[in-house]
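S.K.:
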Amino acid sequence: MEFNVSQIMKGNQGTVKTFELSEQLMLPTEQSLRKDPIFDSSFEIYLTGTVTMLRTDAGIWTTAPIDCETSCFCSMCLQPHIRHISFTINEEYYPLSRHLKLTEIDESQFISNENILDLLPPIREHVSLKILINPICSEDCADICVDCGLNLNQGHCASKNKIRRSMYSLTLG
Ligand SMILES: [Zn+2]
Ligand SMILES: [Zn+2]
1069 MEFNVSQIMK GNQGTVKTFE LSEQLMLPTE QSLRKDPIFD SSFEIYLTGT VTMLRTDAGI
1129 WTTAPIDCET SCFCSMCLQP HIRHISFTIN EEYYPLSRHL KLTEIDESQF ISNENILDLL
1189 PPIREHVSLK ILINPICSED CADICVDCGL NLNQGHCASK NKIRRSMYSL TLG
């Protein structure tokens, strides 16, 4: 997700450029970037959106509302399902040469010396955060049976149903 921004950087303050996104890409998870062997994986996402870049006095203000579709595994029934994720990137990016006093700025917010602005780090951050927070296939996921491992979205298990029904009637009094 690299953009060559040399034209915008040469432009005057207020110069605007937009890019339409329609991309399929493999995102490594945060864990796999840290070389964590247990979660070493990547996931494929299909991504659409519009990136608007505005030349500011210091750099480039980037606004990008993005919609993603990705397949991930439900943490309850363990089945793959399609997730829709929407988020907006709203960041100012600065040329590396202005490094001097910008110590509190994240390194991903710099434009490289080759005038490359990379949106992959914020996209990866948003997507993996949202997937990790709530990886369930639906609000009504029925879970798997703790006794036999049956996916209860796909069928009934006698043992589990008995437990569930008795718990349900207890709650209702
Ligand atoms: Zn599920
Ligand atoms: Zn069972």
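Using this note's numbering, count along the sequence shown one by one with no gaps and you end on 1241. Every residue gets a Cβ at the ideal spot worked out from N, C-alpha and C, and that includes glycine. Quick caveat: nothing in here was measured; it's all calculated off a predicted structure.
Pull up the distance between the alpha-carbon of residue 1247 and that of residue 1125, whole angstroms please.
M.R.: Residue 1247 is absent from the model: the chain starts at 1069 and stops at 1241.
S.K.: Taking 8 Å as the cut-off, decide whether the C-beta atoms of residue 1157 and residue 1073 are in contact.
M.R.: no
S.K.: Closer than 7 Å: is that where the CB of residue 1211 sits relative to any heavy atom of ligand 2?
M.R.: Taking non-hydrogen atoms of ligand 2 into account, the C-beta of residue 1211 is found less than 7 Å away from none of them.
S.K.: So for residue 1224, helix, strand or coil by DSSP?
M.R.: Three-state result, residue 1224: coil.
S.K.: Tell me the rounded alpha-carbon separation between residue 1081 and residue 1121.
M.R.: 11 Å
S.K.: What are the uninterrupted segments assigned as alpha helix (DSSP H) that are 4 or more residues long and contained completely in the region 1168-1207, given in chain order?
M.R.: 1188-1201
S.K.: Starting from residue 1069, trace the beta strand (DSSP E) both ways and give me its first and last residue.
M.R.: Per DSSP, residue 1069 belongs to no beta strand (DSSP E) and is neither H nor E.
S.K.: Return yes when the Cβ of residue 1195 is within less than 8 Å of the Cβ of residue 1153, no when it is not.
M.R.: yes
S.K.: Measure the C-alpha to C-alpha separation of residue 1161 and residue 1206 and round it to an integer number of angstroms.
M.R.: Whole-angstrom Cα-Cα distance: 37 Å.
S.K.: Just to confirm before moving on: does the CB-CB distance between residue 1077 and residue 1183 stay below 8 Å?
M.R.: The answer is yes: Cβ separation under 8 Å.
S.K.: Is the beta carbon of residue 1140 closer than 8 Å to that of residue 1191?
M.R.: Result no, Cβ atoms of residue 1191 and residue 1140 do not sit closer than 8 Å.
S.K.: Would you say the beta carbon of residue 1076 is closer than 7 Å to some non-hydrogen atom of ligand 1?
M.R.: Not under cutoff, so the answer is no.
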